[in-house]
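Worksheet: the structure to be examined is printed underneath.
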Amino acid sequence: MPLVAILEFCKGTFPNELSLAHLKIVVDCANGATYHIAPNVFRELGAKVITIGCEPDGLNINEEVGATDVRALQARVLAEKADLGIALDGDGDRVIMVDHEGNKVDGDQILYIIAREGLRQGQLRGGAVGTLMSNMGLELALKQLGIPFVRAKVGGPLRAGETAGERLAHWRRKLRSRDPARQNHHR
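In numbering that gives the first Met the number 0, the protein residues as written are 0 to 186.
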């Protein structure tokens, strides 16, 4: 798939009514597979993007950067007075975020935010899937919202209609595209 198509697909999963124009985001691509796409997706969605971990040489993947080591991201978010930081791992299937104060937001916290917002917007059909490693606090917090929570093995299959996340922040979610031609493909 050409990079332009990947870029358009990623942008197409972002809600039309939202804008990132008011955000300054530090994006850490771990010197890996997403170094070209991820910063451009956020730029095209309107964010001011500062990058780190975007100079791969084939040997420096995940080396003191990315979701496996967020210290550089935390420092850069604070130095740039950014709104948030997003760290991907080398192959782009793991994400950790950092808030504007440099605090790490792990996979359980991200899953809670996504599930809560999905419920609020009426888009959560089913529940949330964590892993055997998920924090009990996540399960209890989701239960208070009336969101069913299922534990699965790490890397287990995604059940239809559910949002899945792992404490290590691997993500799988059925995505809806803004492109009507792709809508049925992603359901």
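In this text, a Cβ means the ideal position worked out from N, Cα and C, and glycines have one as well. It should be emphasised that the depicted structure is a prediction, and the values quoted were computed from it without experimental measurement.
What first and last residue would you give for the alpha helix (DSSP H) that runs through residue i?
i	result
LYS142	135-143
ILE112	106-119
VAL69	No alpha helix (DSSP H) contains VAL69, which DSSP labels as neither H nor E.
In chain order, what residues of the same chain lie with their CB nearer than 6 Å to the CB of residue i, ignoring the 5 residues before and after it?
i	result
ALA46	LEU19, LEU22, ILE24
GLY160	A caution first: GLY160 carries a pLDDT of 46, below 50, which makes its placement in the model unreliable, though a value can still be read off. Cβ neighbours of GLY160 beyond the five flanking positions: ARG124, GLY125.
GLY91	ALA32, THR33
CYS9	VAL40
LEU131	ARG150
GLY84	VAL25, LEU72, VAL76, VAL97
Which residues share a DSSP beta bridge with residue i?
i	result
MET132	According to DSSP, which records beta bridges pairwise, MET132 is partnered with nothing at all.
VAL25	ILE49, GLY84
Between the options, which has its C-alpha nearest residue i's C-alpha?
i	options	result
MET96	VAL128, LYS10, PRO55, ALA74	ALA74
GLY145	LEU118, PRO1, MET135, ARG42	LEU118
ASN15	PRO1, LEU44, ILE36, ALA37	LEU44
ALA80	GLY89, HIS99, GLU63	Rather than Ala, the amino acid found at residue 80 in this sequence is Lys. When each option's Cα is compared against that of LYS80, the closest is HIS99.
How is the beta strand (DSSP E) around residue i delimited, first residue to last?
i	result
ILE85	83-87
PHE148	148-151
Which residues in the same chain have their Cβ closer than 7 Å to the Cβ of residue i, if we skip the five residues on either side of it in sequence?
i	result
PRO1	none
Between residue i and chain B, is the shortest Cβ-Cβ distance under 7 Å, so that the two count as touching?
i	result
ALA20	Annotation note: the requested chain B is absent from the structure, which comprises a single protein chain.
| message | Would you call the region 95-115 in contact with the region 52-61, where contact means no fewer than 3 C-beta pairs closer than 8 Å? | response | Too few Cβ pairs lie closer than 8 Å, so no.
| query | Is there contact here, the region 63-70 with the region 94-103, by at least three beta-carbon pairs under 8 Å? | reply | Contact holds: three or more Cβ-Cβ distances are below 8 Å.
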